[in-house]
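Reminder that position 18 of the sequence shown reads as 552 in the numbering used here, one-by-one numbering, no gaps. Even glycine gets a Cβ: it sits at the ideal position worked out from N, Cα and C.
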Amino acid sequence: MSTPNISKKEIINAFKFRHATKEFDATKKLSDEEIKFILETAHLSPSSFGFEPWHFVVVQDKELREMLKPVAWGAPVKLDTASHFILGLSMKAPMVKHDADYIMSMMKDVKQLPAEVIEMYSKFYREFQERDFNLDSDQKLFDWASKQTYIALGNMMTSAALAGIDSCPIEGFHQEKAEALLRDKFGVDTDKYGLSYMVAFGYRKAEPEFPKSRRNFEDIVTWK
Ligand SMILES: Cc1cc2nc3c(=O)[nH]c(=O)nc-3n(C[C@H](O)[C@H](O)[C@H](O)COP(=O)(O)O)c2cc1C
């Protein structure tokens with residue numbers, strides 16, 4: 535595979551270009567190729583043990599977008615104007631607990647590991663969950679899966695910015711109400727999946743109202 539040919543300056547420019555876009559230009563749409571490119575960067579994202587504990591629902595149906603508004607206070611303008619609107623779902627305990635069928639199937643069918651490696655991996659994974667990370671509740675397991683799904687979020691937003699596409703991550707929603715809606719109207723099995731975030735993609739309607747503000751670099755990095 536060839537070495538990526540993009541300068542550091544261009545990468546930092548993309549980070550500066552990206553901002554949490556409050557309102558999109560509703561007349562501008564991403565092509566199928568563009569949204570698939572963004573989703574492919576989620577697909578290729580790293581995850582702990584490589585178990586990919588996520589699912590992405592692309593909500594293009596107008597009625598479904600309307601239904602999300604009452605449960606997502608951070609989203610109405612984005613639901614109206616974004617070209618593409620994605621729900622980032624993460625797996626719950628029945629999917630990601632060390633002895634879940636999904637985990638076994640990932641090792642056997644996706645990674646195609648030999649039986650003795652699966653046995654070794656299963657032991658590691660159990661120790662990681664029970665001993666090292668103390669993932670002893672359903673909430674902790676969902677939060678741990680969510681951490682992986684947020685890596686995909688970062689990658690999607692960064693690659694969108696590199697391609698000149700705007701985005702906005704959204705946690706402004708009522709988790710319980712949103713999940714009930716996903717169960718009743720979106721066909722999501724909420725015993726297995728929970729909603730971690732929403733993210734909107736499109737093209738900005740206007741330049742950001744405020745310049746980017748960040749703490750001093752020296753205040754967030756310690757060199758030893
Ligand atoms: C996990 C997460 C959730 C967020 N939720 C919302 C939201 O619900 N609505 C919104 O307008 N912005 C939301 N934001 C955007 C942040 O407010 C924004 O990223 C931050 O203020 C920094 O500004 P910048 O992204 O423009 O650099 C969220 C950001 C993150 C990372």
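DSSP bridge partner residues for residue i (one or two, in chain order)
i: H618; result: F735
i: M625; result: Y727
i: V592; result: I620
i: D700; result: G736
i: A554; result: S701
Near ligand 1: residue i beta-carbon under 8 angstroms from a heavy atom
i: Y636; result: no
i: I699; result: no
i: P742; result: yes
i: P703; result: yes
i: L573; result: no
i: L687; result: yes
i: K603; result: no
i: A609; result: yes
i: G584; result: no
i: R738; result: no
i: A554; result: yes
i: K681; result: no
i: G706; result: yes
i: Y727; result: no
i: K542; result: no
Supposed contact pair residue j and residue i - C-beta distance, whole angstroms, cut 8 angstroms
i: K563; j: V611; result: Between V611 and K563 the Cβ distance is about 17 angstroms, and since that is not below 8 angstroms, they are no contact.
i: G698; j: D559; result: That pair is no contact at about 13 angstroms.
i: T683; j: P587; result: 7 angstroms
i: V630; j: A679; result: 5 angstroms
i: A576; j: N689; result: 6 angstroms
i: F585; j: M640; result: 5 angstroms
i: A721; j: S624; result: According to the sequence as given, residue 721 is Gly; it is not Ala. With a Cβ gap of about 17 angstroms, G721 and S624 do not count as contacting.
Spatial distance of residue i from residue j (CA atoms)
i: M535; j: I569; result: 23 angstroms
i: A649; j: Y636; result: 16 angstroms
i: P703; j: A686; result: 12 angstroms
i: L675; j: K711; result: 20 angstroms
i: Y655; j: S581; result: 15 angstroms
i: D670; j: Q663; result: 8 angstroms
i: E743; j: S701; result: 15 angstroms
i: F706; j: G608; result: The displayed chain sequence assigns Gly, not Phe, to residue 706. Approximately 4 angstroms between the Cα atoms of the pair.
i: V733; j: E752; result: 30 angstroms
i: I540; j: L696; result: 10 angstroms
i: S617; j: V651; result: 44 angstroms
i: T537; j: I545; result: 15 angstroms
i: A740; j: E661; result: 50 angstroms
i: L551; j: L715; result: Looking at the sequence provided, one finds Phe at residue 551 rather than Leu. Near 34 angstroms, if we compare the C-alpha coordinates of L715 and F551.
i: P628; j: F549; result: 37 angstroms
i: T615; j: D595; result: 13 angstroms
i: H708; j: Y731; result: 11 angstroms
i: E713; j: L621; result: 11 angstroms
i: E574; j: F619; result: 15 angstroms
i: K746; j: I754; result: 16 angstroms
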